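Participant: So that we are looking at the same thing, I have put the structure below in structure tokens.
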Amino acid sequence: MTLYDEDKNISLLIKNLPNTLINLNLYGYNYISLSFISKFINLQELIISIYNGDVLGFEELQNIIFPKLQILNFKRECPKYEEFIKFLENNGKNLKELYVGDDHIEDIKGYNENSLNLAIVKLCPNLRKLSTGFGQI
Numbered sequence: 124m125t126l127y128d129e130d131k132n133i134s135l136l137i138k139n140l141p142n143t144l145i146n147l148n149l150y151g152y153n154y155i156s157l158s159f160i161s162k163f164i165n166l167q168e169l170i171i172s173i174y175n176g177d178v179l180g181f182e183e184l185q186n187i188i189f190p191k192l193q194i195l196n197f198k199r200e201c202p203k204y205e206e207f208i209k210f211l212e213n214n215g216k217n218l219k220e221l222y223v224g225d226d227h228i229e230d231i232k233g234y235n236e237n238s239l240n241l242a243i244v245k246l247c248p249n250l251r252k253l254s255t256g257f258g259q260i
């Protein structure tokens with residue numbers, strides 16, 4: 124399912140989506156709250172592409188466990204460092220693919236390149252594909 128922030132009735136659409144959804148692509152040009160994603164515990168793939176905005180609601184997502192999540196992709200804007208690490212603590216063990224930040228890795232506020240690299244290595248032992256906008260692992 125692909126959602127754009129320009130959709131006029133996005134909240135109504137989201138309420139009607141089944142919690143069995145396994146693939147979710149979010150595209151937007153402003154601020155998008157991600158808190159609604161927590162109902163989709165069967166997600167296997169989550170792609171978030173937010174341009175010129177901010178990743179809101181990730182503080183709520185960091186504590187949600189998505190037991191089937193295998194692919195996580197932040198194409199542009201990224202969550203705060205601490206929230207991202209907590210999310211990986213809860214969901215990193217099942218990730219097979221992780222794509223972070225393209226050219227906006229500096230948007231992970233408070234990140235330290237080495238500690239983020241080490242956290243990914245430690246928390247995502249089953250990764251087969253990794254693409255980041257930061258230094259070597």
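According to the working numbering, the residues represented by the sequence shown are 124 to 260, in order. Each residue gets a CB set at the ideal place from its N, CA and C atoms; glycine is no exception. No experiment lies behind these values; they were computed from the predicted model shown.
Can you tell me the Cα-Cα spacing of His227 and Cys201, whole angstroms?
Facilitator: Note that His227 scores a pLDDT of 49, beneath 50, so its modelled location is shaky and nothing firm can be said.
Participant: Between Ser158, Lys162, Leu149 and Tyr150, which has its C-alpha nearest Asn139's C-alpha?
Facilitator: The shortest Cα separation from Asn139 among Ser158, Lys162, Leu149 and Tyr150 belongs to Lys162.
Participant: Roughly how many whole angstroms lie between the Cα atoms of Phe181 and Glu206?
Facilitator: Phe181 and Glu206: Cα-Cα distance of roughly 7 Å.
Participant: Less than 8 Å between C-beta atoms, sequence neighbours within five positions excluded: which residues of the same chain meet that for Glu220?
Facilitator: Cβ neighbours of Glu220 beyond the five flanking positions: Gln193, Ile194, Leu195, Asn196, Leu250, Arg251, Lys252 and Leu253.
Participant: Look up Val223 in the DSSP assignment and give the residues it is bridged to.
Facilitator: BP columns for Val223 point to Phe197 and Thr255.
Participant: With 16 as the cutoff for other CB atoms within 10 Å, does Ile188 come out buried or exposed?
Facilitator: Exposed, because fewer than 16 other Cβ atoms sit within 10 Å of the Cβ of Ile188.
Participant: Assuming contact is defined by CB atoms lying nearer than 7 Å, are Glu168 and Asn142 in contact in what I supplied?
Facilitator: Cβ atoms of Glu168 and Asn142: not closer than 7 Å.
Participant: As a quick exercise: from Asn148, Ile208, Lys198 and Ile173, pick the residue whose alpha carbon is nearest that of Leu184.
Facilitator: If we check each option's Cα against that of Leu184, Ile208 comes out closest.
Participant: Excluding five sequence neighbours on each side, which residues of the same chain lie with their C-beta closer than 6 Å to the C-beta of Asn214?
Facilitator: The answer, listed in chain order, is Phe189 and Leu192.
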